[in-house]
Structures are given as C-alpha cells and as structure tokens.
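Residue numbers (my numbering): 1 to 66.
This report concerns only the one structure given below.
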Amino acid sequence: MLNAILSLAMIAAFLLLFGAWRRWRRDGLSQQMWLMIAAALVIFANIAIWVVPDEKGNSLVTGEVK
1 MLNAILSLAM IAAFLLLFGA WRRWRRDGLS QQMWLMIAAA LVIFANIAIW VVPDEKGNSL
61 VTGEVK
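As structure tokens, then:
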C-alpha cells in the first residue's frame, strides 16, 4: 500500500511541475507557478525521506532495522 501512495505522490509532483511549466508558457512568471514548483519540491523531499536509506541501510519504506 505504501508503494502505491509513494507512486501517486511522484505522479502528483510531476503533474505539479508540468502545470507550472504550462502556466509559465501561457502567462509568464506568476506567484501560482512558483507555489506549484515549491509544492512539487516538498513532495519530492518527503519521498526522499521515506525512500533513501541512511548510512546503516535502513529506510522508512522497508521498515527493516539492521
């Protein structure tokens, strides 16, 4: 279940970046575009926290303690 949630979060972040790019092409620089980019970066950072292992090889996704 967690893998599905992380996958949906990645899709949402890429869609936010795509939407920001489309808004930039249509309207130029705007506050909403920057907020969409910031939201995507926050999602990417949260996924990295869950997925990237620490120096011992543990990650929050696997839940394994070595």
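We put the CB at the ideal spot given by N, CA and C, even for glycine.
query                                                                                                                                                                   : result
Go to residue 30, then tell me how far its alpha helix (DSSP H) extends in each direction, as first and last residue.                                                   : From DSSP, residue 30 is part of no alpha helix (DSSP H); its letter is neither H nor E.
Answer yes if the region 8 to 16 comes into contact with the region 32 to 41, meaning at least three C-beta pairs across the two stretches below 8 Å, and no otherwise. : yes
Of all the options 60, 56 and 55, which has the alpha carbon lying nearest to the alpha carbon of residue 48?                                                           : 60
Are the beta-carbon atoms of residue 30 and residue 22 separated by less than 9 Å?                                                                                      : no
Below 9 Å between beta carbons: does that hold for residue 34 and residue 20?                                                                                           : yes
Alpha carbon to alpha carbon, what distance is there between residue 56 and residue 1?                                                                                  : 25 Å
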